[in-house]
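Counting from 1, one number per residue, gives the positions in the sequence shown under UniProt numbering.
Written out below as structure tokens is the structure these notes cover.
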Amino acid sequence: MNTVITPEQNSLEQDKSVNPEQTQFTSAQGSQKQPSTSFVSQFDTQTSQKKDAKSTDVKISTQDVHVYYGETEAIKGIDLNIYANEVIAFIGPSGCGKSTFLRTLNRMNDTIDSCRVTGKVMMDNQDIYDPNLDVVLLRAQVGMVFQKPNPFPKSIFDNVAYGPKLHGLARDKYDMEEIVENSLRKAGLWDEVKDRLNQPGTGLSGGQQQRLCIARTIAVSPEVILMDEPCSALDPIATAKVEELISELSNQYTIAIVTHSMQQAARVSDRTAYFHLGDLIEVNATEKVFTQPDHQLTEAYITGRFG
Ligand SMILES: Nc1ncnc2c1ncn2[C@@H]1O[C@H](COP(=O)(O)OP(=O)(O)O)[C@@H](O)[C@H]1O
Ligand SMILES: [Mg+2]
């Protein structure tokens, strides 16, 4: 039995203040060519230091989730459990629905007029599409980091303080300073910015901006962090820093990351979900997906036959 979800206008209006970068959601995705050879050997070397097995507590559960843009069905009935403190990577050819599915996990699709979601998404046994749910609060609990770093046109300090201020999380000025410092430390940015907290966030390098956006997300104490190709606008060194950060953050948060880089999925994730034309084809331990996938469509993708 599917529930039709109608976005609430109020929440949308509020959302614009938290997420003024909405236009990014509809921006075209790059269709990057995948490497055709030697992937498996890269996988072996690059994931040797992966973490121990994660918990099996289900953090988010989707049941028969369909997403439509007008008449077009972009997600065709997806059931997926995401476990607490795992890093799960979403991979698949451009246009297969990775971003669309990711956005169902914190109701970001509500912000797209033509978009309609059916089915169930539960987080900790709470239906996140419950019409009485506070969507702004949900998006603090399930934070999101986007493809292109999008700091607010504010100081570094105010970028991080923005969410805590909105949600009234700091008792006083000192408490706020502590939240900002801790968030910047967790995002691995503190040492680089501690002497220029009052300078504009937009003045940082691309990689620093992305870590600032991660600090901004962390500042409201989320439980889950969604990342949609967070490194695709970054150079290799900045990418390596963000990937390292993702591994550290997974000790504390549950992370779902869309990536068009299979090497990145291999490096950072515990499990990988392969999407194809709106279907979830396979979800398995990352190592298995990249060495012995269950499905021939997955195999065709990872061996570079399409992408
Ligand atoms: N805002 C939108 N309006 C209409 N169609 C969209 C929108 N966003 C995505 N789509 C369509 O939904 C499908 C899945 O897109 P998307 O989730 O962006 O895929 P991916 O992230 O895997 O590249 C594509 O066919 C895309 O054209
Ligand atoms: Mg996408």
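Backbone N, C-alpha and C define an ideal beta-carbon position, used for all residues, glycine too.
Residue interval of the beta strand (DSSP E) (run including residue i)
i      : result
VAL136 : Element bounds for VAL136: not the beta strand (DSSP E) but the alpha helix (DSSP H), 135 to 141.
MET122 : 115 to 123
GLN63  : 58 to 69
ALA285 : 279 to 285
ARG271 : 271 to 276
GLU86  : Run containing GLU86: none; DSSP gives neither H nor E here.
Proximity of residue i and residue j at Cβ, strictly below 8 Å
i           : j      : result
LEU280      : LEU102 : no
LEU169      : ILE179 : yes
ALA233      : GLY201 : no
residue 309 : PHE290 : For residue 309 there is no data in the structure shown, the boundaries of the chain being 1 and 307.
GLU229      : TYR253 : no
VAL67       : THR104 : yes
ALA300      : VAL220 : no
ASP124      : LYS173 : no
PRO151      : CYS213 : yes
THR62       : LYS98  : no
THR298      : ALA89  : no
SER183      : ILE218 : yes
Expected contact under 8 Å - CB spacing of residue i and residue j to nearest Å
i      : j      : result
ILE246 : VAL268 : 5 Å
ARG211 : GLY188 : 6 Å
ASN106 : THR100 : That pair is no contact at about 13 Å.
ILE225 : LEU197 : The Cβ separation is near 23 Å, so there is no contact.
Cα-Cα separation between residue i and residue j, rounded to whole angstroms
i           : j      : result
SER31       : TYR69  : Low confidence applies here, because SER31 scores a pLDDT of 34, under 50, leaving its location unreliable and the question unanswered by this model.
MET176      : TRP190 : 15 Å
PRO149      : GLY143 : 14 Å
ASN85       : GLN147 : 22 Å
MET122      : GLU192 : 38 Å
ASP64       : HIS167 : 32 Å
ALA285      : LEU204 : 36 Å
GLN264      : ALA256 : 13 Å
SER36       : GLY304 : Because SER36 carries a pLDDT of 34, less than 50, the predicted location of this residue cannot be relied on, and the following value inherits that uncertainty. If I take the Cα positions, the gap works out to 5 Å.
GLU287      : THR259 : 16 Å
LYS154      : LYS76  : 40 Å
GLY163      : ASP113 : 25 Å
MET1        : ASP127 : Residue confidence is low: MET1 scores 43 on pLDDT, short of 50, so the model does not pin down where it sits. No coordinate-derived value is stated.
SER27       : VAL87  : Interpretation of SER27 is limited by its pLDDT of 30, a score under 50 that renders its predicted location unreliable; the figure taken from the coordinates is listed afterwards. Roughly 25 Å separates the two Cα atoms.
HIS295      : LYS186 : 38 Å
ASP158      : LYS165 : 9 Å
residue 315 : THR56  : A question about residue 315 goes unanswered here, because the residues of the chain that appear run from 1 up to 307.
GLU71       : MET262 : 31 Å
GLU243      : TYR129 : 31 Å
LEU277      : PRO131 : 29 Å
THR239      : ASP134 : 34 Å
ARG171      : GLU73  : 46 Å
ASP235      : GLU181 : 26 Å
THR111      : LEU138 : 14 Å
THR118      : ASP270 : 28 Å
LYS51       : ALA161 : Model confidence at LYS51 stands at a pLDDT of 47, short of 50, so the residue's coordinates are unreliable; what they give is reported in the following sentence. Distance between the alpha carbons of LYS51 and ALA161 is about 32 Å.
VAL136      : ALA266 : 32 Å
THR116      : LYS194 : Position check: residue 116 holds Arg in this sequence, whereas Thr was assumed. Cα-Cα distance, rounded: 43 Å.
PRO293      : MET227 : 24 Å
GLY95       : VAL283 : 18 Å
ILE78       : LYS241 : 32 Å
Check: residue i C-beta below 7 Å from any heavy atom of ligand 3
i      : result
ILE281 : Ligands in the displayed structure: ligand 1 and ligand 2; ligand 3 is not one of them.
Residue i - containing alpha helix (DSSP H), residue span
i           : result
residue 308 : Outside the displayed range of the chain (1 to 307) lies residue 308, so it cannot be described from this structure.
ALA300      : 296 to 302
Residue-level contact to chain B via CB, residue i, 8 Å cutoff
i      : result
THR104 : Chain labels in this structure do not include chain B; a single protein chain is all it has.
Note to self: Could you tell me which whole alpha helix (DSSP H) segments of length 4 or greater appear in the region 126 to 180?
What the structure shows: 135 to 141, 156 to 166
Next item on the list: Pick out the complete beta strand (DSSP E) segments inside the region 190 to 269, 3 residues or longer, and give them in chain order.
Entry: 224 to 228, 254 to 258
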